[in-house]
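Participant: Just so we're aligned, residue 17 is where the sequence shown starts under the working numbering, counting upward by one.
One structure is given below, represented as structure tokens, and several questions about it will come after.
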Amino acid sequence: MTGRGVAFSGDPYTPGVGTWSYRVELYDLDLDYRVETNRLDGVAVITAVAVVDLDRIDLGLSKLKASKVKVDGARPARVSQSSHVLSVRPPSPIPAGQRFTVRVEYGGRPGPRRSTWGPLGWEELADGVLTASQPIGSSTWFPCNDRPEDKAAYRIRVAVEEGYTVAASGRLIERTSRSGRSSWLYEQDAPTSAYLATVQIGHYTVRSSRGPVPVDRYHPAELRARVDEDFARLPDMIGFFARVFGPYPFSRYAVVVTEDELEIPLEAQAMAIFGANHVDGRHGSDRLIAHELAHQWFGNSVGVKAWRDIWLNEGFACYAEWLWSEERGGPSADALAREHHRMLAAAPQDLVVADPGPVAMFDDRVYKRGALTLHALRLTIGDAAFFEVLRTWTAAHRHGSADTAAFTAHAAAVAGRPLAPLFAAWLHATPLPPLP
Numbered sequence: 017m018t019g020r021g022v023a024f025s026g027d028p029y030t031p032g033v034g035t036w037s038y039r040v041e042l043y044d045l046d047l048d049y050r051v052e053t054n055r056l057d058g059v060a061v062i063t064a065v066a067v068v069d070l071d072r073i074d075l076g077l078s079k080l081k082a083s084k085v086k087v088d089g090a091r092p093a094r095v096s097q098s099s100h101v102l103s104v105r106p107p108s109p110i111p112a113g114q115r116f117t118v119r120v121e122y123g124g125r126p127g128p129r130r131s132t133w134g135p136l137g138w139e140e141l142a143d144g145v146l147t148a149s150q151p152i153g154s155s156t157w158f159p160c161n162d163r164p165e166d167k168a169a170y171r172i173r174v175a176v177e178e179g180y181t182v183a184a185s186g187r188l189i190e191r192t193s194r195s196g197r198s199s200w201l202y203e204q205d206a207p208t209s210a211y212l213a214t215v216q217i218g219h220y221t222v223r224s225s226r227g228p229v230p231v232d233r234y235h236p237a238e239l240r241a242r243v244d245e246d247f248a249r250l251p252d253m254i255g256f257f258a259r260v261f262g263p264y265p266f267s268r269y270a271v272v273v274t275e276d277e278l279e280i281p282l283e284a285q286a287m288a289i290f291g292a293n294h295v296d297g298r299h300g301s302d303r304l305i306a307h308e309l310a311h312q313w314f315g316n317s318v319g320v321k322a323w324r325d326i327w328l329n330e331g332f333a334c335y336a337e338w339l340w341s342e343e344r345g346g347p348s349a350d351a352l353a354r355e356h357h358r359m360l361a362a363a364p365q366d367l368v369v370a371d372p373g374p375v376a377m378f379d380d381r382v383y384k385r386g387a388l389t390l391h392a393l394r395l396t397i398g399d400a401a402f403f404e405v406l407r408t409w410t411a412a413h414r415h416g417s418a419d420t421a422a423f424t425a426h427a428a429a430v431a432g433r434p435l436a437p438l439f440a441a442w443l444h445a446t447p448l449p450p451l452p
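Here it is as structure tokens:
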């Protein structure tokens, strides 16, 4: 089987985006960005392995123009570019199983791409940049295979004007300055979906704390007091989640607070991004902080094979909010579950959690009913088995991808009892079941 005609056959929720015809091992990105003029020039070296015989390599690239492309150091037979796809025909077909590299020089004025879910990707702030890429926005700043199951390592170097700070995926390796510009190099070895790769740029103070999981905080200097207060419980939160979900899956964690206000916080690999409006110095965003942290286990380390399985990300992160509330002496998970059950009972009963469709995949009912599914499981099998399900789930699929069928089978195996009727009612039918 060849790559001809099948190169862009990714997720059915995001047609025309992503491919299973190759898998990426490493994105090596060298980016030069001018904040004042919003100009991005980049060189991407992508190391991948062909899954099928490839006579065409398709990469997502939006808003930016490729100027030079090489495949394994040679000129390709043909290069074409549409609004969101860079198509490259190698000099000769690449056999299945063979490793290859694609080097792309590209540039332009980056900006969000339109989507069913609103603008996605590279976004200018008042004085800086954020990337908000879920589910298909990464192509606005680097050529990529924007499919959630295709995870890779990253090496990201970003040069910006002196005075700006860059936070990016992974561990900071070096920072250098020359001729009024600073260069920041980050490396992320843990397998990472393209939508979770990130670059954040701003006038940030950077402070790091030691501990079992080092935490880096990036924020405007004037927000220091509020950030310190609102994130003071973060080490305890990490420790608690490690007990109930299993060990934290990355080497460190980063929190970015932008000068701008943001509609919602964002998760990235080993990072969460909050707006200035999310820090009030009174722990008003504890729920959001817990939610984004929980995604490091559910969504980032254990990713989804396909976007229809989004409840495995959002339902679990929502349930983590309820667990943290209970841990801190607030309303119990059971009380919160019953409150949200009453709210969902009054909402339309027209959504299938395990396959909500692209328009509804970020519907709050997916989040809350996904969390209620977990609570129903907990009530059915008991606390000991329930938390064993969660810990063994994150261990079994650490830095991988999974789907709903895998989770339901896993839960039944750990519980030692059939659970098909429970999951059929909660995940595959539209009427809201009663809690057990």
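Glycine included, each C-beta is placed from N, C-alpha and C at the ideal position.
Quick one, which of Gly416, Ser149, His219 and Ala422 has its alpha-carbon nearest Ala288's?
Facilitator: With distances taken between Cα atoms, Ala288 lies closest to Ser149.
Participant: Cα separation between Ala213 and Asn316?
Facilitator: Taking the straight line joining both Cα atoms gives about 10 Å.
Participant: Within the 8 Å Cβ cut-off, does Glu238 reach chain B?
Facilitator: In the structure shown, chain B cannot be found, because there is only a single protein chain.
Participant: Is Met17 helix, strand or coil by DSSP?
Facilitator: A caution first: Met17 carries a pLDDT of 35, below 50, which makes its placement in the model unreliable, though a value can still be read off. Three-state result, Met17: coil.
Participant: Considering just the uninterrupted stretch of the alpha helix (DSSP H) at Leu328, what are its terminal residues?
Facilitator: Counting along the chain, the alpha helix (DSSP H) containing Leu328 begins and ends at Trp327 to Glu343.
Participant: Look up Thr396 in the DSSP assignment and say whether it is helix, strand or coil.
Facilitator: Of the three classes helix, strand and coil, the one that applies to Thr396 here is helix, per DSSP.
Participant: Three-state secondary structure (DSSP) at Phe116?
Facilitator: The answer is strand: DSSP assigns Phe116 an E or B state.
Participant: Does DSSP put Val68 in a helix, a strand or coil?
Facilitator: Reduced to three states, the DSSP call for Val68 is coil.
Participant: Determine the DSSP secondary structure at Ser131, reduced to helix, strand or coil.
Facilitator: Coil.
Participant: Counting C-beta neighbours from all protein chains within 10 Å, is the total for Asp366 16 or more, i.e. buried, or is it exposed?
Facilitator: Exposed, by the Cβ-count rule.
Participant: Just the Cα atoms here: how many angstroms apart are His467 and Pro28?
Facilitator: Because the chain spans 17 through 452 in this model, residue 467 falls outside it and cannot be assessed.
Participant: Once the 5 residues before and after Tyr335 are set aside, which same chain residues still bring their CB inside 6 Å of it?
Facilitator: Same-chain partners within the cutoff: Ala387 and Leu390.
Participant: Got a sec, what are the start and stop residues for the alpha helix (DSSP H) His294 sits in?
Facilitator: From DSSP, His294 is part of no alpha helix (DSSP H); its letter is neither H nor E.
Participant: Taking the beta strand (DSSP E) that Pro207 belongs to, which residues open and close that run?
Facilitator: Arg197 to Ser209 is the span of the beta strand (DSSP E), which, as asked, contains Pro207.
Participant: Quick check: the Cα distance between Ala362 and Phe402, rounded to an integer number of angstroms?
Facilitator: When rounded, the distance between both Cα atoms is 28 Å.
Participant: So, Leu395 versus Ala427, is the Cβ gap smaller than 8 Å?
Facilitator: Against a cut-off of 8 Å, the Cβ pair of Ala427 and Leu395 comes out as no contact.
Participant: Quick check on the DSSP output: the alpha helix (DSSP H) that includes Ile217 runs from which residue to which?
Facilitator: Ile217 -> not in any alpha helix (DSSP H); beta strand (DSSP E) instead, spanning Val215 to Gly218.
Participant: Taking Cβ to Cβ, would you say Glu177 is nearer than 8 Å to Arg197?
Facilitator: Yes, Cβ-Cβ distance for Glu177 and Arg197 is below 8 Å.
Participant: What's the gap between the Cα of Phe261 and the Cα of Pro107?
Facilitator: Approximately 48 Å between the Cα atoms of the pair.
Participant: Just checking my contact of Val61 with Val85 at CB under 8 Å: how many whole Å lie between their CB atoms?
Facilitator: About 11 Å; that fails the 8 Å criterion.
Participant: Whose CA, out of Leu239, Met253, Thr408 and Lys81, lies closest to the CA of Glu277?
Facilitator: Taking only the C-alpha atoms, the option nearest Glu277 is Leu239.
Participant: If we call anything under 8 Å between Cβ atoms a contact, is Pro251 one with Glu275?
Facilitator: No, Cβ-Cβ distance for Pro251 and Glu275 is not below 8 Å.
Participant: Where His503 and Arg163 are concerned, what is the direct C-alpha to C-alpha distance, given to the nearest angstrom?
Facilitator: With the chain covering 17 to 452 only, the question about residue 503 has no answer from this structure.
Participant: Please identify the residue among Glu140, Thr221, Glu245 and Phe266 whose C-alpha is closest to the C-alpha of Gln312.
Facilitator: Nearest C-alpha to Gln312: Phe266.
Participant: Using 8 Å as the threshold, is the C-beta distance between Ala353 and Leu339 below it?
Facilitator: No. Outside cutoff.
Participant: What would DSSP say about Ala139, mapped onto helix, strand or coil?
Facilitator: It is Glu, not Ala, that sits at residue 139 in the sequence shown. Correct three-state label for Glu139: strand.
Participant: Roughly how many whole angstroms lie between the Cα atoms of Pro151 and Lys167?
Facilitator: Rounded to whole angstroms, Pro151 to Lys167 spans 14 Å at the Cα level.
Participant: Measuring alpha carbon to alpha carbon, tell me which residue in Pro364, Ile397 and Asp399 is nearest Pro382.
Facilitator: First, the amino acid is wrong: residue 382 is Val here, not Pro. With distances taken between Cα atoms, Val382 lies closest to Pro364.
Participant: Could you give the C-beta distance for Pro135 and Pro126, rounded to a whole number, given that I count them as a contact under 8 Å?
Facilitator: No, Pro135 and Pro126 are not in contact; Cβ-Cβ is about 12 Å, not under 8 Å.
Participant: Indicate the three-state DSSP secondary structure (helix, strand or coil) for Gly319 in the structure shown.
Facilitator: Correct three-state label for Gly319: strand.
Participant: For Ile289, name the three-state secondary structure that DSSP assigns.
Facilitator: Ile289: strand per DSSP, three-state reduction.
Participant: Inspect the beta-carbon positions of Leu75 and Pro159 and report whether they are closer than 8 Å.
Facilitator: Against a cut-off of 8 Å, the Cβ pair of Pro159 and Leu75 comes out as a contact.
Participant: Could you tell me the distance, in whole angstroms, from the CA atom of Asp302 to the CA atom of Val320?
Facilitator: Rounded to whole angstroms, Asp302 to Val320 spans 26 Å at the Cα level.
Participant: Count the other C-beta atoms from every protein chain shown that fall within 10 angstroms of the C-beta of Ala23, then say buried if there are 16 or more, exposed otherwise.
Facilitator: Reliability of the predicted coordinates at Ala23 is poor, the pLDDT of 45 falling under 50, and the value obtained from them is presented with this limitation in mind. By the neighbour-count rule (16 or more Cβ atoms within 10 Å), Ala23 is buried.
Participant: On the premise that Ala370 lies in contact with His415, defined as a C-beta separation below 8 Å, what is that separation, rounded to the nearest angstrom?
Facilitator: With 8 Å as the limit, His415 and Ala370 do not qualify as a contact, their Cβ atoms being about 23 Å apart.
Participant: Applying the 10 Å Cβ sphere with the 16-neighbour rule, what's the burial state of Arg223?
Facilitator: That one is exposed.
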